Every structure is written in structure tokens, then in C-alpha cells.
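For the sequence shown, my numbering assigns the number -2 to the initial residue and increments by one for each residue that follows. For each residue, glycine too, the CB sits at the ideal point set by N, CA and C. Please read all numbers here as calculations on a predicted model, not as lab measurements. Since the structure comes first, as C-alpha cells, the remarks are kept for the end.
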Amino acid sequence: MKINKRNKKLDLSKTLYSGQTPTFIFKQKNNEHYGYLKEEERYKPIKIQEKKNILKTKTKASKSSIIELLDLNRDLESVYKKIKTDDFISRSIEKFEGMRITKFSPLLTILLFISFSNNSIYNIQNFLQNLSKKFGKKIEFEGEIIYLPPSNQELFNLTEQDFRDCKAGYRAEYMAETFDLIKKEVVELEELENMNHLELKEELKKLCGVGDKVADCISLFAYRNLEAFPVDTHIKDIMTKKYLPKTSDLNQIREYAKQKWNGLAGYAQQYLYMNKISQI
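In C-alpha cells:
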């Protein structure tokens, strides 16, 4: 399958490996990217290759699912015009031009970002690989071995010890309790799609191990609520040095971002974040 990306700004590598959900899922081999996406309750493997004005893909997933994953229907130039409010963010955008906000399966995104707190990307990738090997499905796809993760129902059947066996550490307790809350419909995932960012965030914070930062990440990367502005130590450092030198209050930082980058704070955050970690 080929997807025409002419006139659609896209840098595939910068999008897939930018701390969003696909960072933990995709791997690059030469100029090809192997991973999977969720469609109709099933995970489907995919190979994506970027060639000038087209994306060349191998997958049983639909074209619309790939477009949705990569936010290809959004005019990125229009986004840039609205969030280029100062020289600092303009330079960040120039450095990572073509990076888009992805949208991935809510349940897997919840699981991964619960494990992301005070953890490294490598450890999370390792946890997901362990989980998929032990409880998921092994397939051979385009000459590569890919381990698809457990289905939602299979995840709901896992215990705290199962997550510990997959090297989740102390977060295993949070994961097991979170899935129990979702099973009991204390938080109804299907209802979250219809909520605005603030409503959704408050619902997500009912889950174990989900505070403001993780809730913002889930809102942004699973539901693509572009008002979300996750604040980790990197973003806090940028905001207090470049924009709000007189405060370190996280709520004030989020409110400032909401006002400054009206409706597109999530995109602004992603460019600021990548610019910061690229310097580490």
C-alpha cells in the first residue's frame, strides 16, 4: 500500500521515536520501520518505509488507520503558524520539522505511561517485549520476528505477579489495580472518547499510578487532545527558564501553555520536549 504524502509535512523517524507510544513499539532497520497498530480489537503488524513523497507500507491494517496513527489529515503548516509564538519554539520546530502527534490504543498507552514514570525508554521497551513474549503472539512478518501484545481481554486477566515477572517492578501493583478499575467500569474507556481534555484527565486520574503528567500523556497520545500539556522535569526546566521564571507551579505552567498555544499546546510541548532531550 502506498500513501501519498506530497504537501504533507512528515518526518517518519522523528514522529515514531519521539517519546510517544510508538517509541516503545517500533524498531528501525535501515530505512524501514517495523511495528504494529491496533485495528478492530486486533494488533496488526506493519512495515513502513518513507520514500520522498510517499509512504510505502506492508500491513493488513487499513489506509485510514495509518493516516489516523500519524495524524496525516492535519495541516502541519497551519499548526506551525499558530504555535510559532517566539524565537525559541520556532527554532525547536525548525530542528524537528515534520514531527506529528500519534494516536495509539488507549489501554496499551495507559499501561506504557504508567510504567514510564521515573523509568527509561529502554526499560519500558524491555517490559513490553517481555509482556508480549510471555502473553502475546509471536509472528514472522516481512522477514522479522514481531511479538504482538496481549489483547485487551488477555491484559485484564493478568495479575500483579504476571506484571512483575515481565520486569514492571513496583509499577506492577499500579497496573493490576488500574486494569481492575477499568474492568469494574470505575473508568469507562469508551466514554473517554467523548470527553474534553479536562474531563478526560479527571477520569484518568482515578486510575492507580496516574497523576497529572501521566494523565496528560494519555490524553495527548491515546486520544489526541491537543490541549494537553504534559509537564515532566524537561518541560518544567524549559518553561521556568524561557517563559515563566517567577514560578515553578505546575498548574500555572499548564495554564500558561493553554493560553499561549491555544488548542495546540500538545504540539508545542512535543517540539519543546524533543529539543530539550536532544541536548542531553
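Counting along the chain, where does the beta strand (DSSP E) carrying residue i start and finish?
| i | result |
| --- | --- |
| Pro42 | Arg39 to Lys48 |
| Gln25 | Lys24 to Lys26 |
| Asn1 | Lys(-1) to Asn1 |
Provide the residue(s) that pair with residue i in DSSP beta bridges, ordered along the chain.
| i | result |
| --- | --- |
| Lys35 | Tyr40 |
| Phe138 | Glu141 |
| Glu29 | Lys26 and Gln46 |
Where does residue i land, buried or exposed, given buried means 16+ other C-beta within 10 angstroms?
| i | result |
| --- | --- |
| Asp229 | buried |
| Leu7 | buried |
| Asp68 | buried |
| Pro242 | exposed |
| Asp84 | exposed |
| Gln266 | buried |
| Ile278 | In the structure as shown, the chain starts at -2 and stops at 277, and residue 278 therefore has no counterpart that could be examined. |
| Asn272 | buried |
Using three-state DSSP, classify residue i as helix, strand or coil.
| i | result |
| --- | --- |
| Lys273 | helix |
| Ile51 | strand |
| Thr82 | coil |
| Thr56 | strand |
| Glu65 | helix |
| Pro103 | helix |
| Tyr268 | helix |
| Asp162 | helix |
| Val76 | helix |
| Leu282 | Outside the shown range of the chain (-2 to 277) lies residue 282, about which nothing can therefore be said. |
Could you compute how far the alpha carbon of residue i sits from the alpha carbon of residue j?
| i | j | result |
| --- | --- | --- |
| Phe113 | Gln122 | 10 Å |
| Gly206 | Arg168 | 8 Å |
| Lys239 | Leu247 | 15 Å |
| Arg88 | Tyr253 | 20 Å |
| Ile232 | Tyr171 | 25 Å |
| Ile64 | Lys57 | 14 Å |
| Ile45 | Arg97 | 15 Å |
| Lys134 | Glu38 | 14 Å |
| Leu152 | Thr82 | 43 Å |
| Ser62 | Thr18 | 15 Å |
| Glu185 | Ala225 | 20 Å |
| Phe21 | Glu196 | 27 Å |
| Thr156 | Cys163 | 11 Å |
| Arg221 | Val76 | 14 Å |
What first and last residue would you give for the alpha helix (DSSP H) that runs through residue i?
| i | result |
| --- | --- |
| Cys214 | Asp209 to Tyr220 |
| Lys180 | Arg168 to Lys180 |
| Ala254 | Leu247 to Lys257 |
| Ile118 | Ile118 to Phe132 |
| Arg234 | A quick correction: the sequence has Asp, not Arg, at residue 234. Taken as a continuous stretch (DSSP letters only), the alpha helix (DSSP H) holding Asp234 covers Thr230 to Ile235. |
| Ser10 | Leu9 to Leu13 |
| Gln17 | Taken as a continuous stretch (DSSP letters only), Gln17 belongs to no alpha helix (DSSP H), as it is neither H nor E. |
Under the criterion of a Cβ to heavy atom distance below 7 Å, does residue i qualify as lining the ligand GDP?
| i | result |
| --- | --- |
| Leu13 | Here there are no bound small molecules, and the ligand GDP is not part of this structure. |
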